[in-house]
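Engineer: Got a structure here, written out as structure tokens. Questions coming.
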Amino acid sequence: MVSSTKVPRRFARLAIATAVAGYLLIVVGGTVRVTGAGMGCGPDWPLCNGQVIPEWDVLAWTEFIHRIVALSVILLTGLLAVQGWRLRRVNPWFARLPLAAVGLVLVQASLGAITVFTHLDALVVTIHLGVALTYLAIGLTLALLAVAANGARGESRAGRGTRLGARAPAAAAGVFAVMLTGAYTAKSGASIACTEWPLCGGAWVPTGWTPVDVHLTHRWTAVVAAVLVAVVGRNARRWRVDAPMLATLGSTADMLMVLQILVGAANIWLDLAPAVRIAHLAIATLIWALMVLLVLLDRRPALAAAPLPRPAPAPSGA
Numbered sequence: 053m054v055s056s057t058k059v060p061r062r063f064a065r066l067a068i069a070t071a072v073a074g075y076l077l078i079v080v081g082g083t084v085r086v087t088g089a090g091m092g093c094g095p096d097w098p099l100c101n102g103q104v105i106p107e108w109d110v111l112a113w114t115e116f117i118h119r120i121v122a123l124s125v126i127l128l129t130g131l132l133a134v135q136g137w138r139l140r141r142v143n144p145w146f147a148r149l150p151l152a153a154v155g156l157v158l159v160q161a162s163l164g165a166i167t168v169f170t171h172l173d174a175l176v177v178t179i180h181l182g183v184a185l186t187y188l189a190i191g192l193t194l195a196l197l198a199v200a201a202n203g204a205r206g207e208s209r210a211g212r213g214t215r216l217g218a219r220a221p222a223a224a225a226g227v228f229a230v231m232l233t234g235a236y237t238a239k240s241g242a243s244i245a246c247t248e249w250p251l252c253g254g255a256w257v258p259t260g261w262t263p264v265d266v267h268l269t270h271r272w273t274a275v276v277a278a279v280l281v282a283v284v285g286r287n288a289r290r291w292r293v294d295a296p297m298l299a300t301l302g303s304t305a306d307m308l309m310v311l312q313i314l315v316g317a318a319n320i321w322l323d324l325a326p327a328v329r330i331a332h333l334a335i336a337t338l339i340w341a342l343m344v345l346l347v348l349l350d351r352r353p354a355l356a357a358a359p360l361p362r363p364a365p366a367p368s369g370a
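In this text, residue positions in the sequence shown follow the numbering used here: the first is 53, and each later residue adds one.
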């Protein structure tokens with residue numbers, strides 16, 4: 053019989069590793085797209101330029117690392133599905149969510165192939181990112197469920213007096229939307245439609261679907277998302293005593309959102325420098341992860357109320 057204490061702890065570590073790999077895959081995949089390293093390994097697969105480990109070349113190694121991270125995601129997802137199935141009697145979601153993750157990996161692989169054949173069509177790239185963000189959310193959900201099963205327990209408060217109510221899901225949806233519009237803006241070439249910030253050649257609101265309109269749609273979606281995240285952060289800080297985890301996540305999301313706005317502006321000011329574009333994606337994905345955790349923790353009051361970890365005291369001298 054499966055132990056409901058020890059196994060979920062190992063399962064939590066596996067879920068966390070899977071979520072981290074999912075995050076890295078988003079960032080590294082974005083790096084490949086921004087730097088044009090997609091063909092860095094040439095037409096060879098699984099070899100890279102005919103070698104197991106390629107010679108040093110920035111583009112080749114960028115794509116090589118992308119392949120390694122993608123392989124890690126596949127392997128971790130498979131392990132997660134096997135372990136989750138063994139734990140299905142502890143919590144049926146331990147089996148259901150990994151199976152959903154396997155499905156998303158298959159969809160993602162198909163989209164990757166379509167991306168090659170469509171020469172990175174903007175809509176396909178946008179869907180590709182949406183699937184990746186959903187995969188990351190599943191990994192975080194599994195990790196939190198495993199932690200809850202292994203330690204602090206508390207009945208779900210969803211729909212029954214959650215601390216943040218509908219604000220957290222709304223903010224998460226806003227961040228999700230702004231990331232999708234950002235992906236579409238970047239791939240469609242609309243990033244260069246506006247050479248000013250916060251203005252855009254005298255235009256303020258989209259009136260059609262020209263590159264300028266696409267860019268402005270992304271900006272206004274970002275404004276809405278920023279307001280929603282700020283509201284969630286403000287409300288989360290009200291619970292700093294009763295739910296310190298909520299307060300910490302909310303404050304961190306607020307700070308990252310401010311940084312993200314500045315990085316977004318830097319994209320315009322620095323003519324879409326690759327490093328800035330990569331940072332823009334990395335920070336946005338981190339904010340998405342924080343929003344997912346806020347939604348989940350708000351429905352796990354025992355975990356939200358858990359004290360924050362404190363550093364161990366320094367050993368006293370002899």
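Note that CB positions come from ideal geometry on N, CA and C, so glycine has one too.
Taking DSSP's pairing of strands, which residues face C93 in a bridge?
Structural biologist: Taking the sequence shown and counting its residues from 1, one reaches residue 93 at position 41. In DSSP, C93 forms no bridge with anything.
Engineer: Quick one: is W375 buried, meaning 16 or more other Cβ sit within 10 Å of its Cβ, or exposed?
Structural biologist: Past the edges of the chain, shown from 53 to 370, lies residue 375, and the structure says nothing about it.
Engineer: When DSSP builds the beta bridges, which residues end up paired with A223?
Structural biologist: Locating residue 223 in the sequence shown gives position 171, where the first residue counts as 1. None, per the DSSP bridge assignment.
Engineer: Note down, in chain order, each residue of its chain lying with its Cβ closer than 8 Å to the Cβ of A245, except the 5 sequence neighbours on either side.
Structural biologist: Residue 245 sits at position 193 when you count from the first residue of the sequence shown. Excluding residues within five positions, the ones whose Cβ falls inside 8 Å are C252, T262, P263, V264, V266, H267.
Engineer: Quick check on DSSP: helix, strand or coil for A371?
Structural biologist: Here the chain covers residues 53 to 370 and nothing more, so residue 371 does not appear.
Engineer: Taking just the CA atoms, how far does I105 sit from W249?
Structural biologist: In the sequence shown, the residue the question calls residue 249 occupies position 197. In the sequence shown, the residue the question calls residue 105 occupies position 53. Those two C-alpha atoms are separated by around 43 Å.
Engineer: Ends of the alpha helix (DSSP H) at Q312?
Structural biologist: Residue 312 sits at position 260 when you count from the first residue of the sequence shown. Start and end: 296-321.
Engineer: Please classify M91: is it buried, with 16 or more other beta-carbons within 10 angstroms of its beta-carbon, or exposed?
Structural biologist: By one-based count along the sequence shown, residue 91 stands at place 39. Exposed: under 16 other Cβ atoms inside 10 Å.
Engineer: My output table needs one value for A229: the three-state DSSP class, helix, strand or coil.
Structural biologist: Stepping through the sequence shown from its first residue, residue 229 is reached at position 177. Helix, per DSSP.
Engineer: By how many angstroms is the C-alpha of A195 removed from the C-alpha of Q135?
Structural biologist: The sequence position of residue 135 within the sequence shown is 83, counting from 1. The sequence position of residue 195 within the sequence shown is 143, counting from 1. In a straight line, the C-alpha of Q135 is about 13 Å away from that of A195.
Engineer: Of the residues A288, A317, G316, which one's Cα is nearest the Cα of A305?
Structural biologist: Taking the sequence shown and counting its residues from 1, the one referred to as residue 305 is at position 253. Here the closest residue by C-alpha is A288.
Engineer: Go ahead and pull the three-state DSSP assignment for I339.
Structural biologist: Residue numbering aside, residue 339 sits at position 287 when the sequence shown is read from its first letter. In this structure, I339 counts as helix in the three-state DSSP scheme.
Engineer: Under 6 Å Cβ to Cβ from T273, same chain only, skipping five residues before and after it: list those, please.
Structural biologist: Reading the sequence shown from its first residue, position 221 is the one you call residue 273. Contacts found: A229, V230, T233.
Engineer: Ignore the nearest five residues each way along the sequence and tell me which others in G81's own chain have a CB closer than 7 Å to its CB.
Structural biologist: Indexing the sequence shown from 1 puts residue 81 at position 29. So the list reads H118, once near-sequence residues are dropped.
Engineer: So for A238, helix, strand or coil by DSSP?
Structural biologist: What you label residue 238 is simply residue 186 of the sequence shown in a count that begins at 1. Residue state, collapsed to three classes: helix.
Engineer: Can you grab the Cα-Cα spacing for the pair V72 / L338, in whole Å?
Structural biologist: In the sequence shown, the residue the question calls residue 72 occupies position 20. In the sequence shown, the residue the question calls residue 338 occupies position 286. Going by the C-alpha atoms only, they are around 10 Å apart.
Engineer: Are there 16 or more other CB atoms within 10 angstroms of the CB of G213, so buried, or fewer, so exposed?
Structural biologist: Stepping through the sequence shown from its first residue, residue 213 is reached at position 161. Because the pLDDT at G213 is just 46, under 50, the model does not fix this residue reliably, and the point stays unresolved.
Engineer: What do you reckon, are the CB atoms on A224 and V347 nearer than 8 Å?
Structural biologist: Here residue 224 is taken as the residue at index 172 of the sequence shown, counted from 1. Here residue 347 is taken as the residue at index 295 of the sequence shown, counted from 1. Contact flag set, yes.
Engineer: Counting along the chain, where does the alpha helix (DSSP H) carrying R138 start and finish?
Structural biologist: The residue given as residue 138 occupies position 86 in the sequence shown. 110-138 is the extent of the alpha helix (DSSP H) around R138.
Engineer: Under a Cβ-count criterion, where at least 16 other Cβ atoms within 10 Å of its own Cβ denotes burial, should T259 be classed as buried or exposed?
Structural biologist: Residue mapping note: residue 259 aligns to position 207 of the sequence shown, counting from 1. Exposed, by the Cβ-count rule.
Engineer: Name the two residues that bound the continuous alpha helix (DSSP H) containing N287.
Structural biologist: Translated into the one-based positions of the sequence shown, residue 287 becomes position 235. Element bounds for N287: 263-289.
Engineer: To which residues does DSSP link Q103 through a beta bridge?
Structural biologist: As a first step, residue 103 must be located in the sequence shown, where it is residue number 51. Beta-bridge pairing by DSSP links Q103 to C100.
Engineer: Spatial neighbours of F116 within its chain, please: CB distance less than 7 Å, with the 5 preceding and 5 following residues excluded, ordered by chain position.
Structural biologist: In the sequence shown, the residue the question calls residue 116 occupies position 64. Cβ neighbours of F116 beyond the five flanking positions: C93, C100, P106.
Engineer: Less than 8 Å separating the beta-carbons of G191 and T269?
Structural biologist: Here the question's residue 191 lines up with position 139 in the sequence shown. Here the question's residue 269 lines up with position 217 in the sequence shown. No, these two residues do not count as a Cβ contact at 8 Å.
Engineer: Can you find the residues in the same chain that come closer than 8 Å, C-beta to C-beta, to L308, ignoring five residues on each side of it along the sequence?
Structural biologist: Residue 308 sits at position 256 when you count from the first residue of the sequence shown. Spatial neighbours of L308 in its own chain (CB-CB distance under 8 Å, excluding positions within 5 residues in sequence) are listed in chain order as I335, L338, I339, L342.
Engineer: Could you pull out every residue in the same chain whose Cβ sits closer than 7 Å to the Cβ of A23, ignoring the five residues on either side in sequence?
Structural biologist: Absent from the model: residue 23. The displayed extent of the chain is 53 to 370, so no value can be given.
Engineer: So A133 and P150 are in contact, right, with Cβ under 8 Å, and what is the actual spacing, rounded?
Structural biologist: Counted from its first residue, the sequence shown places residue 133 at position 81. Counted from its first residue, the sequence shown places residue 150 at position 98. At roughly 4 Å, the Cβ-Cβ gap stays under 8 Å, so A133 and P150 are in contact.
Engineer: Does the ligand NAP have even one heavy atom less than 7 Å from the beta-carbon of V134?
Structural biologist: Absence of the ligand NAP is noted for the structure shown, with no ligands found whatsoever.
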